[in-house]
Amino acid sequence: MVQAISAGQMDQAVQDVGALLRERHRILPGLDDDFTIRNLTEVFEAQETSAEVMSVLLGAIASVSLIVGGIGIMNIMLVSVTERTREIGLRQAVGAKTRDILLQFLVEAVTLSVLGGVIGIAVGLTASVLISHFAQWSTEVSPLSILMAFVFSGLVGVFFGYYPARKASFLNPIEALRYE
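The sequence shown begins at 489 in the numbering used here and counts up one residue at a time.
Spelled out as structure tokens, the structure:
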């Protein structure tokens, strides 16, 4: 372990230590070193780079998870619309407006996705506490990340629930009442 006088003299210190080690190891000029010199700045930069790569990787995984979850919500809502076609037709026949049915199915989709988001937040917080306890790592979950997770789960519900809700709201009441 060697420490430079100042950050500006780091390169000179590395060169001096390299020359001293080459001399002590009796390495002739032109031959490769049989040692390595590591600068803590380089180690810190490598650690920063790997942290950035991990952040991008986790972001990509989260994006794929949101898309897959959204497709699942859309499929569930499409099945719900198909199964409840008569109910939708009956509601339209007694005076429900397109907007009312659209809102009903959007609320169902958002409720489904927010419930999934709350479960995901609970699992994440539990995992964080368990990792802190068993691995002796200090973990901290920011309230902003919890809020963002909650908002994104609601947005996924709106985004992926809109198509089934729109499909339900534009059903022809006569056709819907005949549906079996």
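From the three backbone atoms N, C-alpha and C, an ideal C-beta is built for every residue, glycine too.
Between which two residues does the alpha helix (DSSP H) containing residue i stretch?
{"i": "GLY642", "result": "631-657"}
{"i": "HIS621", "result": "586-623"}
{"i": "LEU694", "result": "In the structure as shown, the chain starts at 489 and stops at 668, and residue 694 therefore has no counterpart that could be examined."}
{"i": "VAL502", "result": "498-512"}
Please confirm whether residue i and residue j have their CB atoms less than 8 angstroms apart.
{"i": "GLY558", "j": "PHE647", "result": "yes"}
{"i": "LEU566", "j": "PRO661", "result": "no"}
{"i": "VAL490", "j": "ALA501", "result": "yes"}
{"i": "THR529", "j": "MET498", "result": "yes"}
{"i": "ILE564", "j": "ILE576", "result": "no"}
With DSSP as the reference, label residue i as helix, strand or coil.
{"i": "GLY577", "result": "helix"}
{"i": "LEU519", "result": "coil"}
{"i": "GLU668", "result": "coil"}
{"i": "ALA495", "result": "helix"}
{"i": "ILE525", "result": "coil"}
{"i": "GLU663", "result": "helix"}
Determine the direct distance from the alpha carbon of residue j to that of residue i, and round the result to whole angstroms.
{"i": "SER657", "j": "THR627", "result": "46 angstroms"}
{"i": "PHE593", "j": "TRP625", "result": "43 angstroms"}
{"i": "ARG572", "j": "ARG654", "result": "14 angstroms"}
{"i": "PHE622", "j": "VAL505", "result": "41 angstroms"}
{"i": "VAL617", "j": "ASP521", "result": "47 angstroms"}
{"i": "TYR650", "j": "SER633", "result": "25 angstroms"}
{"i": "ILE607", "j": "SER620", "result": "20 angstroms"}
Does residue i come within less than 8 angstroms of chain D when only Cβ atoms are used?
{"i": "GLY496", "result": "Within the model displayed, chain D is absent; a lone protein chain is all it includes."}
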